[in-house]
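Note sheet for the following structure.
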Amino acid sequence: MHPMVPQPWCIRRLWWETADTFTFELKPVNGSTKFHFLPGQFNMLYVFGVGEVPISVSGDPAKAERIIHTVRSVGPVTRAMGSLKRGTQLGLRGPFGTCWPVEQAAGKDLLIIAGGIGLAPLRPVVYEVLSRRQIFGRTCLLYGARTPDDILYTKELSNLGKEVNLQTLLTVDRAGQDWTGNVGVVTRLIAKAQFDPGNAVAMVCGPEVMMRFTIRELQRRGMRTDSIYISMERNMKCALGFCGHCQFGPTFICKDGPVFRYNKIQHLLTIREI
Amino acid sequence: METVQRILADHPFVRGLKDCHLELLVGCASNIRFEAGQLLFREGEEANRFYLIREGKVAVELFSAERGPINILTLGEGEVLGWSWLVPPYRWRFDGRVIESTRAIALDGKCLREKSERDHDLGYELLKRIAHTMAERLQATRLQLLNVYELHT
Chain A
4 MHPMVPQPWC
14 IRRLWWETAD
24 TFTFELKPVN
34 GSTKFHFLPG
44 QFNMLYVFGV
54 GEVPISVSGD
64 PAKAERIIHT
74 VRSVGPVTRA
84 MGSLKRGTQL
94 GLRGPFGTCW
104 PVEQAAGKDL
114 LIIAGGIGLA
124 PLRPVVYEVL
134 SRRQIFGRTC
144 LLYGARTPDD
154 ILYTKELSNL
164 GKEVNLQTLL
174 TVDRAGQDWT
184 GNVGVVTRLI
194 AKAQFDPGNA
204 VAMVCGPEVM
214 MRFTIRELQR
224 RGMRTDSIYI
234 SMERNMKCAL
244 GFCGHCQFGP
254 TFICKDGPVF
264 RYNKIQHLLT
274 IREI
Chain B
31 METVQRILAD
41 HPFVRGLKDC
51 HLELLVGCAS
61 NIRFEAGQLL
71 FREGEEANRF
81 YLIREGKVAV
91 ELFSAERGPI
101 NILTLGEGEV
111 LGWSWLVPPY
121 RWRFDGRVIE
131 STRAIALDGK
141 CLREKSERDH
151 DLGYELLKRI
161 AHTMAERLQA
171 TRLQLLNVYE
181 LHT
């Protein structure tokens, strides 16, 4: 299968998580295709006649018969995607890119830190942790959203709170009087997380500025830069490192990323010109 | 039974303080408990106390006539509530409301100001710790103001 040729998949169901973010499940058109991906990888999704966008896979890696994506409706393609009806076909290329270092985290404490829609690319990691709970140390999921109404996967998060040895902490930047949870930026949750900084892996995904402050806080807690992984975002087009749209210094986000070990790209993040 | 001294010594705000300074703090400290919904302090009131939270959750709020109380920040275990006791005119800048039943050590700010005037080493230690807290809150507030999730896709 040529990686530039989209394969037809169709919408099995689509539901709205928040006012501007939806999740949909794809099923193969021919009924038997299996889809295997690693947590953190993304697909190029093509709404026919509108355009193609890169979207992280946000479902369970163990369920190869269906593909789940969570998308924020912000541009022409994602808006069109949000209005697709059950049974509508769209084109899919993928999966592409690097993955979260789930295997390297075995035997260590694991910090999963997400901001806003950044929880979607990390959700497959949560599924992995839940399915192989015994191989990880303490696991902390720290999640920050804009308001309580912007929190994704609310039911799942509420169930995660009941898991043993899995600390789930949520916070929002702004809230009304009816919210009794935490208010404040996601970096403030790091002080409450229970983990051993010398034997932990952190996976961080969210707006770049949020990741920058999060890394600073993790380092302050004593984490090494080679134990921190982030997912980067740039304008990805071909997803194969040919077109150069997502070039970031000497790397291509689509091919060398989107998941990077922080110490590999830390020097690039300070160069504003790229 | 836990003594106030032991409880204080375990709190991150106090950790690492010299024993002689810890003794001075104990003289200004009391162990207290608040129930959910209780208003701890109100903007404009005299701020002669601050709190080292041991357990629970307190919201720092700002009241606006148009929007009512706005929850700016919540504070919990291991955190410090209040710095107005250290900065003239020693009046609360915000409201403090208990969200979840809270246990804390209350420190008498007036008592500590007087002790700090007499013992500048103690004053410097307290200033360093409060300045650190204020810097963290300022940085977090700036990040909040950026509304970073607005454009992230």
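Chains A and B are the protein sequences, given in the same order.
When we follow this note's numbering, the leftmost residue of the first sequence carries the number 4, and every step to the right adds one.
When we follow this note's numbering, the leftmost residue of the second sequence carries the number 31, and every step to the right adds one.
For every residue, glycine included, the Cβ atom is placed at its ideal position computed from N, Cα and C.
The structure displayed is predicted, hence computed values, not measured ones.
Three-state secondary structure (DSSP) at A:E131?
-> Translated into the one-based positions of the first sequence, residue 131 of chain A becomes position 128. Of the three classes helix, strand and coil, the one that applies to A:E131 here is helix, per DSSP.
Between A:P261 and chain B, is there a C-beta pair that is closer than 8 angstroms?
-> Sequence index remark: in the first sequence, residue 261 of chain A carries index 258 (1-based). So, not an interface residue.
A:T4, DSSP secondary structure in three states | As a position in the first sequence, residue 4 of chain A is number 1, starting the count at 1. Reading the sequence as shown, one finds Met at residue 4 of chain A and not Thr. If DSSP states are grouped into helix, strand and coil, A:M4 belongs with coil.
Run through DSSP, which three-state label would A:Q92 get?
-> On the first sequence, residue 92 of chain A is found 89 positions in, with the first residue counted as 1. In the structure shown, A:Q92 sits in a strand (DSSP, three-state: E or B).
Verify the CB distance criterion: does A:M4 have a CB-CB separation below 8 angstroms to chain B?
-> Your numbering for residue 4 of chain A matches position 1 in the first sequence. No, A:M4 lies away from the interface with chain B (no Cβ there is under 8 angstroms from its Cβ).
With A:P127 and A:P64 assumed to form a contact (beta carbons below 8 angstroms), what rounded beta-carbon distance in angstroms separates them?
-> In the first sequence, residue 127 of chain A corresponds to position 124, counting from 1. In the first sequence, residue 64 of chain A corresponds to position 61, counting from 1. Confirmed, Cβ separation roughly 5 angstroms.
Could you tell me whether the Cβ atoms of A:Y146 and A:A117 are closer together than 8 angstroms?
-> The count along the first sequence starts at 1 and reaches residue 146 of chain A at position 143. The count along the first sequence starts at 1 and reaches residue 117 of chain A at position 114. The answer is yes: Cβ separation under 8 angstroms.
Can you grab the Cα-Cα spacing for the pair B:R148 / A:F216, in whole Å?
-> By 1-based counting over the second sequence, the position of residue 148 of chain B is 118. By 1-based counting over the first sequence, the position of residue 216 of chain A is 213. Taking the straight line joining both Cα atoms gives about 39 angstroms.
Interface flag, B:T104 vs chain A, CB-CB below 8 angstroms | As a first step, residue 104 of chain B is located in the second sequence; it is residue number 74 there, counting from the start. Yes - at least one Cβ of chain A is within 8 angstroms of the one on B:T104.
Residues that A:G34 bridges to, as DSSP identifies them = As a working mapping, residue 34 of chain A is identified with position 31 in the first sequence. In the DSSP output, where bridge partners are listed per residue, A:G34 has none listed.
Measure from the alpha carbon of A:S86 to the alpha carbon of each residue in A:F51, A:Q107, A:L41, A:V8, then state which is nearest.
-> Your numbering for residue 86 of chain A matches position 83 in the first sequence. Closest option to A:S86, Cα to Cα, is A:F51.
May I ask you to list, following chain order, the residues of the segment 184-201 of chain A that have a beta carbon less than 8 angstroms from some beta carbon of chain B?
-> G184, N185, V186, G187, V188, T190, R191, A194, K195
Does DSSP classify A:E276 as helix, strand or coil?
-> Walking along the first sequence from the start, residue 276 of chain A turns up at place 273. If DSSP states are grouped into helix, strand and coil, A:E276 belongs with coil.
Could you say if the segment 134-146 of chain B and the segment 110-125 of chain B meet the contact criterion of at least three C-beta pairs nearer than 8 angstroms?
-> yes
State the CB to CB distance for the pair A:G110 and A:I138, rounded to an integer number of angstroms; the pair is presumed to be in contact (CB under 8 angstroms).
-> Stepping through the first sequence from its first residue, residue 110 of chain A is reached at position 107. Stepping through the first sequence from its first residue, residue 138 of chain A is reached at position 135. Correct: roughly 7 angstroms between the Cβ atoms.
Secondary structure at B:D125, three-state DSSP: helix, strand or coil?
-> Looking up residue 125 of chain B in the second sequence gives position 95. B:D125 falls in the strand class under three-state DSSP.
Taking 8 angstroms as the CB-CB cut-off, is B:F108 touching chain A?
-> For this step, residue 108 of chain B is matched to residue 78 along the second sequence. Per the sequence shown, residue 108 of chain B should be read as Gly rather than Phe. Cβ-Cβ to chain A under 8 angstroms: yes for B:G108.
Please work out which residues of its chain come closer than 7 angstroms, Cβ to Cβ, to A:G124, disregarding the five sequence neighbours upstream and downstream, and give them in chain order.
-> To locate residue 124 of chain A, count along the first sequence from 1; it is residue 121. Reading off the sequence shown, one finds Pro at residue 124 of chain A, where the question assumed Gly. Within the same chain, A:P124 has close Cβ partners G43, S59, S61, C208, S234.
Could you give the DSSP three-state label for A:F51: helix, strand or coil?
-> As a position in the first sequence, residue 51 of chain A is number 48, starting the count at 1. Three-state result, A:F51: coil.
Limits of the beta strand (DSSP E) - the one that A:A117 falls within | Working through the first sequence from its first residue, we reach residue 117 of chain A at position 114. First-last of the beta strand (DSSP E) with A:A117: 112-118.
Using the beta-carbon of each residue, which ones in chain A are nearer than 8 angstroms to B:L173?
-> To locate residue 173 of chain B, count along the second sequence from 1; it is residue 143. Under the 8 angstroms cutoff, chain A gives V188, T190, V212, M213, F216.
First through last residue of the beta strand (DSSP E) which encompasses A:L169 | As a working note, residue 169 of chain A is residue 166 in the first sequence. Where A:L169 is concerned, the enclosing beta strand (DSSP E) stretches over 169-175.
Return the CA-CA distance between B:G153 and B:S60, expressed in angstroms with no decimal places.
-> Counted from its first residue, the second sequence places residue 153 of chain B at position 123. Counted from its first residue, the second sequence places residue 60 of chain B at position 30. Their Cα atoms are separated by approximately 20 angstroms.
In angstroms, rounded to a whole number, what distance separates the CA positions of A:G184 and A:L173?
-> Against the first sequence, residue 184 of chain A aligns to sequence position 181. Against the first sequence, residue 173 of chain A aligns to sequence position 170. Distance between the alpha carbons of A:G184 and A:L173: 7 angstroms.
How would you list, in chain order, the residues of chain A whose beta-carbon sits under 8 angstroms from the beta-carbon of B:G98?
-> Here residue 98 of chain B is taken as the residue at index 68 of the second sequence, counted from 1. Chain A residues near B:G98: Q180.
Quick one: Cα of A:I218 to Cα of A:V212, how far?
-> One-based indexing of the first sequence puts residue 218 of chain A at position 215. One-based indexing of the first sequence puts residue 212 of chain A at position 209. Distance between the alpha carbons of A:I218 and A:V212 is about 10 angstroms.
CA nearest to the CA of A:G252, picked from A:A242, A:K267, A:T150, A:D153 = Counting from 1 along the first sequence, the entry for residue 252 of chain A is found at position 249. Cα-wise, what sits closest to A:G252 is A:K267.
Answer yes or no: the CB of A:D176 versus the heavy atoms of the ligand ATP, is any distance below 7 angstroms?
-> Ligands displayed in this structure: none; no statement on the ligand ATP is therefore possible.
Where the beta strand (DSSP E) containing A:I14 begins and where it ends | For this step, residue 14 of chain A is matched to residue 11 along the first sequence. Here the beta strand (DSSP E) through A:I14 covers 10-19.
Give the DSSP-derived three-state secondary structure of A:K165 in the structure shown.
-> Translated into the one-based positions of the first sequence, residue 165 of chain A becomes position 162. Three-state result, A:K165: coil.
Roughly how many whole angstroms lie between the Cα atoms of A:L41 and A:H72?
-> By 1-based counting over the first sequence, the position of residue 41 of chain A is 38. By 1-based counting over the first sequence, the position of residue 72 of chain A is 69. Roughly 14 angstroms separates the two Cα atoms.
With a CB to CB cut of under 7 angstroms and the five nearest residues on each side skipped, what residues in its chain are close to A:T91?
-> What you label residue 91 of chain A is simply residue 88 of the first sequence in a count that begins at 1. Closer than 7 angstroms at the Cβ level, and outside the excluded window around A:T91, lie C13, I14.
Distance CB(A:V129)-CB(A:L144) smaller than 8 angstroms = Residue 129 of chain A sits at position 126 when you count from the first residue of the first sequence. Residue 144 of chain A sits at position 141 when you count from the first residue of the first sequence. A contact, by the Cβ cut-off of 8 angstroms.
Provide the residue(s) that pair with B:H41 in DSSP beta bridges, ordered along the chain.
-> As a working mapping, residue 41 of chain B is identified with position 11 in the second sequence. In DSSP, B:H41 forms no bridge with anything.
Could you tell me which of A:F198, A:E28, A:W18, A:M47 sits nearest to A:P9, measuring between CA atoms?
-> In the first sequence, residue 9 of chain A corresponds to position 6, counting from 1. The shortest C-alpha separation from A:P9 is found at A:M47.
In DSSP terms, what A:A203 is bridged to | Taking the first residue of the first sequence as 1, we reach residue 203 of chain A at position 200. For A:A203, which the question treats as bridged, DSSP gives the partners A:D112.
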